[in-house]
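Data first, discussion second: the structure below is written as structure tokens.
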Ligand SMILES: [Ca+2]
Ligand SMILES: [Ca+2]
Ligand SMILES: [Ca+2]
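Numbering (the working numbering), first residue to last: 105 to 586.
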């Protein structure tokens, strides 16, 4: 299988340029920390944080830290040390291990959580390093494949600090981001704590810009590991990891994109198709995709580069058409796989969009295919739709939990993240567990169970099923189908 060219990845990334988030549509919603500080600090203090020397920032931090209980705040950020337990009534029922794949930023497979749940290519394990022992065209694909680099590096261990303190810091950072992005940003009660913590990170990383870059880096790096933990939690199944190396918003395209030729599109389409063929050959039944792109974001990012609105519309339309062609080509050729796809987060305004409309259309969630399930996010605390979640009467099928979800992060810890990125693997988890009970079910049958084994809601936004996945109802239906 050939290496993915940068072309389609640049499409995928394109949408994020203005949104300030790690992924085009299904990122952890990174908060606008810079704006936050500007809004709440005096111009002098803001200038000091932005441009002051380390000593100046440190003494400012010490002044703030004296006024808040930072210790208990940090303890709160670290208060999610264990894996959540999925409650169900199916512990005694025979389950079959199936294999599920996740196309994402990679997974820390050395995390204790994943110890016994990685898909493992036995012929490669018992074979020779540097040799494609099972003849599938991929050398040493032990737990999956890195599609961007065309090698078996499904996680970059050089990104993890060597010491335990440093590794624990990742969970703290992610929890802090979720705290800020989860709406508490505007909670006056937490204002002082949040500002103090931001300045603590600014100090730690040697500047505001560096701190923001670090947050984006950690969020991007952790995304795949977090989604993987949600998908596999409580299952007896195996995780087949497929990594795409997507950059964060700061690595976004700044130049005008060149429109792809049909030959280039065909090449991309075939490479994506080959990725799904590889999954299928590895025994995968369920694929989670917590990423994508939105038409409006592409158009807006082009306008922000100074393009006329007419020209931006023309280019964005062509690019989006190309993306549709590539995704549709690859996914429609693999009806044996069930694709669970995040509906998207609705961009920098924090408000979900109707992806049935051409302007807010989001791919690949909006593909009109029977073996695609698009997932909106609700909050498990009140069963209400997350304000950021996209929706659509036709394109979005069902909802699942996606606000402050607890799952694995690189380095061995657990932390909270929010997004339809999290709702999607929670829904994929249900799909995996349905198949564990009845592996004979087809993707279309599993999708039907996911859309009918629900708790109906009085929803403020439309989806095809108007409900959220009720795991026990789904598993009862799966058991009855045996
Ligand atoms: Ca191989
Ligand atoms: Ca080998
Ligand atoms: Ca929006």
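Idealized CB from N, CA, C, for every residue including glycine.
Would you kindly work out how many angstroms separate the C-alpha atoms of residue i and residue j, rounded to a whole number?
i, j, result
"residue 429", "residue 304", "46 Å"
"residue 128", "residue 538", "Per-residue confidence for residue 128 stands at a pLDDT of 37, beneath the threshold of 50, marking its modelled position as unreliable; the derived number appears in the next sentence. Taking the straight line from one Cα to the other gives about 30 Å."
"residue 499", "residue 236", "40 Å"
"residue 140", "residue 404", "23 Å"
"residue 496", "residue 571", "13 Å"
"residue 153", "residue 293", "22 Å"
"residue 151", "residue 579", "56 Å"
"residue 569", "residue 556", "7 Å"
"residue 105", "residue 374", "Low local confidence applies: a pLDDT of 30 at residue 105 is under 50, so the model's placement there is unreliable, with the coordinate-based value given in what follows. Between residue 105 and residue 374, the C-alpha separation is close to 10 Å."
"residue 377", "residue 170", "57 Å"
"residue 258", "residue 243", "13 Å"
"residue 576", "residue 163", "54 Å"
"residue 560", "residue 509", "21 Å"
"residue 366", "residue 420", "16 Å"
"residue 261", "residue 331", "18 Å"
"residue 492", "residue 455", "5 Å"
"residue 385", "residue 320", "34 Å"
"residue 390", "residue 205", "6 Å"
"residue 175", "residue 166", "13 Å"
"residue 364", "residue 422", "9 Å"
"residue 567", "residue 299", "38 Å"
"residue 249", "residue 350", "15 Å"
"residue 396", "residue 448", "7 Å"
"residue 514", "residue 440", "31 Å"
"residue 446", "residue 402", "18 Å"
"residue 335", "residue 265", "26 Å"
"residue 407", "residue 398", "15 Å"
Tell me the residue span of the beta strand (DSSP E) that contains residue i.
i, result
"residue 510", "509-513"
"residue 503", "502-505"
"residue 444", "442-446"
"residue 559", "558-560"
"residue 572", "571-573"
Give me the DSSP bridge partner(s) of residue i.
i, result
"residue 520", "510"
"residue 467", "397"
"residue 347", "208, 250"
"residue 488", "483"
"residue 476", "443"
"residue 203", "342, 388"
"residue 255", "250"
"residue 495", "458"
"residue 222", "343"
"residue 78", "The first residue shown for the chain is 105 and the last is 586, placing residue 78 beyond what the model contains."
Whose CA, out of the options, lies closest to the CA of residue i?
i, options, result
"residue 468", "427, 461, 518", "427"
"residue 136", "252, 188, 453, 178", "453"
"residue 472", "435, 492, 448, 489", "435"
"residue 507", "165, 281, 247", "281"
"residue 586", "414, 200, 190", "200"
"residue 256", "482, 401, 347, 315", "347"
"residue 328", "344, 181, 449, 314", "344"
"residue 511", "326, 295, 175, 209", "326"
"residue 479", "530, 574, 432", "530"
"residue 387", "362, 220, 341", "341"
"residue 543", "203, 384, 212", "203"
"residue 156", "213, 393, 306, 167", "306"
"residue 444", "464, 554, 284, 516", "554"
"residue 520", "222, 277, 192", "277"
"residue 372", "285, 248, 433, 503", "433"
"residue 189", "558, 546, 142, 518", "518"
"residue 565", "581, 481, 338, 535", "481"
"residue 102", "209, 298, 339", "Absent from the model: residue 102. The displayed extent of the chain is 105 to 586, so no value can be given."
"residue 525", "392, 534, 424", "392"
Grab the span of the alpha helix (DSSP H) containing residue i for me, first residue to last.
i, result
"residue 281", "268-285"
"residue 302", "295-309"
"residue 177", "174-181"
"residue 596", "In the structure as shown, the chain starts at 105 and stops at 586, and residue 596 therefore has no counterpart that could be examined."
"residue 313", "312-336"
"residue 165", "158-169"
"residue 150", "147-155"
"residue 143", "137-144"
Would residue i count as contacting chain B if we go by Cβ distances under 9 Å?
i, result
"residue 240", "Absent from the structure is chain B; it holds one protein chain and no more."
Is any non-hydrogen atom of ligand 5 found closer than 8 Å to the C-beta of residue i, if you look at the structure I gave you?
i, result
"residue 248", "The model depicted lacks ligand 5 and carries ligand 1, ligand 2 and ligand 3 instead."
Handout entry: Under 5 Å, CB to nearest heavy atom of ligand 2: contacting residues
Key = Going by the Cβ distance cut-off, the answer is 228, 231, 235, 237, 244.
Problem - Lining residues of ligand 3 - beta-carbon closer than 5 Å to any non-hydrogen atom, in sequence order - result: That query returns the following residues: 450, 451, 453, 455, 457.
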